[in-house]
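Residue numbers (my numbering): 1011 to 1488.
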């Protein structure tokens, strides 16, 4: 039944004939993996592999996020691309790597690259990073390292209507492997495959507190504009945190299910450390996507709201594309990317320039670029180079970061940091925007705006409120 694909991966390659009910298909996948785990337990003979064993069975399509909502484990993760074609829902951790100090991130990424180079390319590692590892960590972010990446113990991966049930097992001593296998066996038995048909409602809001409030925000924007006029800065991206006290706690995965309905064309992500404690979001912005030596990135900057009528929407889109202020803000991001890519690429090119990207509540300007990476370039080098771009910090970058540390009264934490996954041969990272930190009954929602010459503080407040509208629409419904 088990066939090794390569020296370090086992795959249960059974394909089912068409069946009438999906649960039969899902149950077959579970039983197939249980047989593999139980054989390993009885025989004590592990596959002749490297550091990680991956067991997998394909079955009929499943909504990975709805599947995840049915599971009882405390630690969960979820990722989907903008098309929703590729979804990954993970439970538990077969392997985890953390960096708690800024100077540890480089060493962590080297170790991560070493691991991924030794395993099958189907193995993905998921995680994220703080926006600013050098900034002081606030109490609400104490559980979140500077960077953290994990390989889930159990996962459902869907792509193009086909699902795969996956078990990842880290190699170790015989006793370590036996303990892991016993735990995995219990987890497989506890999996639930019945469809989550009813969403849990969002609790009501008892209180909202903005950090800063509108008066404080306008003062910060004015301070940033003064630095721009003095020539110290060309652009600064300032953020706000809206802190909501809910009437009761809410499950992060159910919250993301609600958000997904509001923003279907975004990257969706959730990293859950414990029940009712997670960082999740619906970001429109790709940091980069890599397939072998091919890389794509984009500049996403410049914003208008959506119109209430088609005519108004077209007019707002035209204003966005013709605005010198919005173009200037956008070009700073694009110029940064086009200047940085040649360090890593044999060649690069623009795929689009100032094209509109219409979301449910706002619309942006987007320019896409791609390149061919030089041999040997890995995500360990790319991530620190791409993050942060002027789209989330400012220009010049180090000066903007210093101003952000001085001006902002809250800790961004993982907000606006890279979130995504990497494997041996591929990676996809988004910028952790339109995001929230959920801790029991407290939900902190983070959004920001780019400030350049010509910005009006009150207008920037309204822009941030528009970007937050997806979250606000859910909380108002509550």
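The beta-carbon is built from N, C-alpha and C at its ideal position, and this holds for glycine as well. A quick note: this is a predicted structure, and the numbers were derived from the prediction, not measured.
Exercise for the section: Please state whether DSSP places residue 1192 in a helix, a strand or coil. Expected result: Residue 1192 sits in a helix when the DSSP states are folded into three classes.
Exercise for the section: Would you mind working out which of 1470, 1454, 1453, 1288 sits nearest residue 1461, comparing C-alpha positions? Expected result: 1470
Problem - Exposure label - residue 1152; buried when at least 16 CB within 10 Å - result: exposed
Handout entry: Alpha carbon of residue 1281 to alpha carbon of residue 1271, nearest angstrom
Key = 19 Å
Problem - Own chain residues within Cβ distance below 7 Å of residue 1479, not counting five before or after - result: Only 1371 meet the Cβ criterion.
Handout entry: Coil, strand or helix - residue 1255 by DSSP
Key = strand
Problem - Whether residue 1133 touches residue 1191 by CB criterion (8 Å) - result: no
Practice task
Compute the Euclidean distance between the alpha carbons of residue 996 and residue 1314, then round it to the nearest angstrom.
Solution key: No statement about residue 996 is possible, as the shown extent of the chain runs from 1011 to 1488 and does not include it.
Practice task
Determine the direct distance from the alpha carbon of residue 1158 to that of residue 1385, and round the result to whole angstroms.
Solution key: C-alpha separation (whole angstroms): 26 Å.
Practice task
Work out the CA separation of residue 1373 and residue 1292 for me, nearest whole Å.
Solution key: Cα to Cα, the separation comes out at about 15 Å.
Practice task
For the region 1156-1170 and the region 1136-1147, state whether three or more C-beta atom pairs, one from each stretch, are separated by less than 8 Å.
Solution key: yes
Problem - Best match in 1090, 1050, 1260, 1221 for proximity to residue 1248 [C-alpha to C-alpha] - result: 1221
Exercise for the section: Compare the beta carbon distance of residue 1232 and residue 1467 with 8 Å and say whether it is the shorter of the two. Expected result: yes
Problem - Proximity of residue 1251 and residue 1286 at Cβ, strictly below 8 Å - result: no
Exercise for the section: Tell me whether residue 1089 sits in a helix, a strand or coil according to DSSP, three-state version. Expected result: strand
Practice task
Inspect the beta-carbon positions of residue 1401 and residue 1309 and report whether they are closer than 8 Å.
Solution key: The Cβ-Cβ distance between residue 1401 and residue 1309 falls below 8 Å.
Problem - Element boundaries [alpha helix (DSSP H), containing residue 1042] - result: Following the DSSP letters along the chain, one finds residue 1042 inside the alpha helix (DSSP H) bounded by residues 1032-1053.
Practice task
Figure out for me which residue from 1431, 1263, 1039 has the closest Cα to the Cα of residue 1198.
Solution key: Of the listed residues, the one whose Cα sits closest to residue 1198 is 1039.
Handout entry: residue 969 vs residue 1091 beta-carbon contact at 8 Å
Key = Because the chain in this structure spans residues 1011 to 1488, residue 969 falls outside the shown range and cannot be described.
Practice task
Starting from the N-terminal side, write out each stretch of the alpha helix (DSSP H) that is 4 residues or longer and does not extend beyond the region 1196-1248.
Solution key: 1224-1239
Exercise for the section: Give the DSSP bridge partners of residue 1461, in chain order. Expected result: 1246
Handout entry: Assigned secondary structure, residue 1370 (DSSP; H/G/I helix, E/B strand, else coil)
Key = Coil.
Problem - Coil, strand or helix - residue 1481 by DSSP - result: Note: residue 1481 maps to helix in three-state DSSP.
Problem - Stretch-stretch touch, CB-based, cutoff 8 Å, three pairs: the region 1114-1123 with the region 1387-1400 - result: yes
Practice task
Under the assumption that residue 1290 contacts residue 1448 (Cβ atoms under 8 Å), give the Cβ distance between them as a whole number of angstroms.
Solution key: 7 Å
Practice task
Work out the CA separation of residue 1050 and residue 1490 for me, nearest whole Å.
Solution key: A question about residue 1490 goes unanswered here, because the residues of the chain that appear run from 1011 up to 1488.
Exercise for the section: Answer with buried or exposed for residue 1342, where buried requires no fewer than 16 other C-beta atoms within 10 angstroms of its C-beta. Expected result: buried
Handout entry: Coil, strand or helix - residue 1172 by DSSP
Key = strand
Exercise for the section: Starting from the C-beta of residue 1031, find all residues in its chain whose C-beta is less than 6 Å away, skip the five residues before and the five after it, and write them out in chain order. Expected result: Legend: pLDDT at residue 1031 = 37, less than 50; position of this residue unreliable, value from coordinates given subsequently. No residues qualify anywhere along the chain.
Practice task
Only counting runs of 4 or more residues, tell me where the alpha helix (DSSP H) segments fall wholly within the region 1099-1169, in order along the chain.
Solution key: Whole alpha helix (DSSP H) segments, 4+ residues: 1115-1127.
Problem - First through last residue of the beta strand (DSSP E) which encompasses residue 1394 - result: Boundaries around residue 1394 are those of the alpha helix (DSSP H), 1389-1396, since no beta strand (DSSP E) includes it.
Problem - Neighbour-count burial assignment, residue 1236, 16 or more Cβ in a 10 Å radius - result: exposed
Handout entry: residue 1086 classed as buried or exposed, judged by whether at least 16 other C-beta atoms fall within 10 angstroms
Key = buried
Problem - Sequence-distant residues of the same chain with beta carbon closer than 8 Å to residue 1075, five excluded per side - result: 1088, 1090, 1097, 1099, 1263, 1266, 1267, 1270, 1278
Practice task
Determine the contact status of residue 1464 and residue 1335, defining contact as a CB-CB distance below 8 Å.
Solution key: yes
Handout entry: Backbone CA spacing between residue 1474 and residue 1201 [nearest angstrom]
Key = Cα to Cα, the separation comes out at about 40 Å.
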